[in-house]
Amino acid sequence: MSLGDSSTELGKVRGLGSAREGGEHWIGERVSSIALLLLGVWLIASLLMLPALDHGTVREWLRTPLGAVPMALFVITAFYHGLDGMKVVVDDYVHEPGNNFALNTLLLFLAVGGAGFALFALAKIAFGGAA
Amino acid sequence: MAEQRARPLSPHLGVWRWGPGMAASIFHRVSGGALTLAGLAALTWWLLALAKGGDAYDDFVAIASTWVGIVVLVGLTWAFFQHLLSGIRHLVMDTGENFELRANKNGAILTFVGAVLLTAVLWFYILGVAK
Chain A
34 MSLGDSSTEL GKVRGLGSAR EGGEHWIGER VSSIALLLLG VWLIASLLML PALDHGTVRE
94 WLRTPLGAVP MALFVITAFY HGLDGMKVVV DDYVHEPGNN FALNTLLLFL AVGGAGFALF
154 ALAKIAFGGA A
Chain B
11 MAEQRARPLS PHLGVWRWGP GMAASIFHRV SGGALTLAGL AALTWWLLAL AKGGDAYDDF
71 VAIASTWVGI VVLVGLTWAF FQHLLSGIRH LVMDTGENFE LRANKNGAIL TFVGAVLLTA
131 VLWFYILGVA K
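Going down the list, the sequences are from chains A and B. Start counting the first sequence at 34; every next residue gets the next number (the numbering used here). Start counting the second sequence at 11; every next residue gets the next number (the numbering used here).
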């Protein structure tokens, strides 16, 4: 049995359960939460340890591998985990299938779009010429 | 798909009172939603401003430094610590631990005390350094 195949035998036979699936989603939410625990503490500690938060200092920091790589991982994991969590809330409170699909799709587009813009900005900072 | 039978519903949806456990649950969702919707928007905005250049970054800092901006940032800091601490509590409970009533209640209370404390310490430090 894979990690994600977590519904009970009886549950599978009846095809029940609030979302008909969910093991992968549940595990993914936990794994990303552990990653965010580390990356979030890293982000706050890094910002506190910078000598200043002006444009030049922050830019220089995000041009180093130890600044840019964890920040990229933070952006990806945070959008992933945020989308995961919002899906749980939507599935809990929006029961009408059409509205549920529409809201989950909207959140998916917002998350992927937001992550895209954040990563583009980060790439521009990391790989762009010196300001 | 199997025959859909009426699923059992929670019988106590209208009968509840505030307690540390349910408050921790509610605030986990509220803080998670705030972090996803407002926090990730602010993060993306910050990175885009950083990528765009010094003037755009100064505009971001100017808006973030208004009292509305600081209230939002303090709120997001609190949401971050609240979600982090009650997230850790959830990870512990996922292992089947900490379900004894008294310990569970104390754990929930601890997330609120910890989050407020960490937020206060961090912002006293930030505002102290800024002066």
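Positions of the beta carbon are idealized from the N, C-alpha and C atoms, including for glycine. Please read all numbers here as calculations on a predicted model, not as lab measurements.
Near HIS93/B, which residues of its chain fall below 7 Å by C-beta distance, leaving aside the five closest residues on each side in sequence? Closer than 7 Å at the Cβ level, and outside the excluded window around HIS93/B, lie HIS38, SER41, GLY42 and LEU45.
CB-CB under 6 Å to PRO30/B, same chain, minus the five flanking residues each way: which ones, in chain order? For PRO30/B, where only same-chain residues beyond five positions count, the Cβ hits under 6 Å are LYS115, ALA118 and ILE119.
Keeping to the same chain, check which residues put their C-beta closer than 8 Å to that of ALA85/A; ignore five residues upstream and five downstream. Around ALA85/A, the same chain offers no residue with a beta carbon nearer than 8 Å, after the five sequence neighbours per side are excluded.
DSSP three-state call for TRP28/B: helix, strand or coil? The answer is coil: DSSP assigns TRP28/B none of H, G, I, E or B.
Does the Cβ-Cβ distance between PRO103/A and LEU139/A come in under 8 Å? Not closer than 8 Å, so no.
MET119/A, buried or exposed, once every other Cβ within 10 Å from all chains shown has been counted against 16: Flag for MET119/A reads buried.
Can you name the residues of chain B whose CB is closer than 7 Å to the CB of SER79/A? Against chain B, a Cβ distance below 7 Å from SER79/A picks out nothing, because the smallest value is about 13 Å.
Along the chain, where does the alpha helix (DSSP H) that runs through GLY49/B open and close? Where GLY49/B is concerned, there is no enclosing alpha helix (DSSP H), given that its DSSP letter is neither H nor E.
To be precise: take each residue of the segment 52 to 73 of chain A, compare its Cβ to all Cβ atoms of chain B, and keep it if any distance is under 7 Å. Which residues remain? Of all residues in the segment 52 to 73 of chain A, the ones placed with a Cβ closer than 7 Å to any Cβ belonging to chain B are ARG63, SER66, LEU70 and GLY73, in chain order.
What number of angstroms, rounded off, separates the C-alpha of TYR67/B from the C-alpha of TYR113/A? A straight line joining the alpha-carbon of TYR67/B with that of TYR113/A spans about 26 Å.
Taking only beta-carbon atoms, is LYS157/A less than 8 Å away from chain B? Taking 8 Å as the CB threshold, LYS157/A lines the interface with chain B.
Near ILE73/B, what residues of its chain come up, given a Cβ to Cβ distance below 6 Å and the 5 sequence neighbours on each side ignored? Around ILE73/B: GLY79.
So GLY124/B and PHE91/B are supposed to be a Cβ contact under 8 Å. How far apart are they, rounded? Right, the Cβ-Cβ distance comes to about 7 Å (below 8 Å), so this counts as a contact.
Check each residue of the segment 69 to 84 of chain B: if its Cβ is closer than 8 Å to any Cβ of chain A, include it; give the result in chain order. Residues VAL71.
Report yes if the CB atom of ALA48/B is closer than 8 Å to the CB atom of LEU86/B, and no otherwise. Note that the C-beta distance between ALA48/B and LEU86/B is below 8 Å.
Roughly how many angstroms separate the alpha carbons of ALA16/B and HIS128/A, rounded to a whole number? ALA16/B and HIS128/A: Cα-Cα distance of roughly 15 Å.
Between which two residues does the alpha helix (DSSP H) carrying PHE109/B extend? It is not in any alpha helix (DSSP H) - PHE109/B carries neither H nor E in the DSSP assignment.
HIS114/A: first and last residue of the uninterrupted alpha helix (DSSP H) it sits in: Note, HIS114/A: alpha helix (DSSP H), 98 to 126.
In terms of residue numbering, what span does the alpha helix (DSSP H) encompassing GLY63/B cover? That residue, GLY63/B, is in no alpha helix (DSSP H); it is neither H nor E in DSSP.
Measure the alpha-carbon distance for SER79/A versus VAL102/B and round it to whole angstroms. Roughly 27 Å between the two C-alpha positions.
Is LEU50/B closer than 8 Å to GLY115/A when the C-beta atoms are compared? In this structure, GLY115/A lies near LEU50/B, with their beta-carbon atoms less than 8 Å apart.
Return the residue from the list VAL81/B, GLY24/B, PHE122/B and LEU95/B that minimises the CA-CA distance to TRP133/B. Check the Cα spacing between TRP133/B and each of VAL81/B, GLY24/B, PHE122/B and LEU95/B: the tightest is with VAL81/B.
Would you grab the beta carbon distance between SER96/B and THR129/B for me? Rounded to a whole angstrom, and I think it's under 8 Å. Actually they are not in contact, since the Cβ atoms of SER96/B and THR129/B sit about 14 Å apart, beyond 8 Å.
When DSSP labels each residue in this structure, what does THR87/B get in the three-state scheme? THR87/B: helix per DSSP, three-state reduction.
Closest to GLY162/A by CA distance: which of VAL122/A, ARG92/A, PHE150/A and LEU143/A is it? Ranked by Cα distance from GLY162/A, the first of VAL122/A, ARG92/A, PHE150/A and LEU143/A is ARG92/A.
Between the C-alpha atoms of GLY135/A and LEU69/A, what's the straight-line distance to the nearest angstrom? Looking at the sequence provided, one finds Ala at residue 135/A rather than Gly. Between ALA135/A and LEU69/A, the C-alpha separation is close to 28 Å.
Note down, in chain order, all residues in the segment 135 to 156 of chain A with a beta-carbon under 7 Å from any beta-carbon belonging to chain B. Result list: GLY147, PHE150, ALA151, ALA154 and LEU155.
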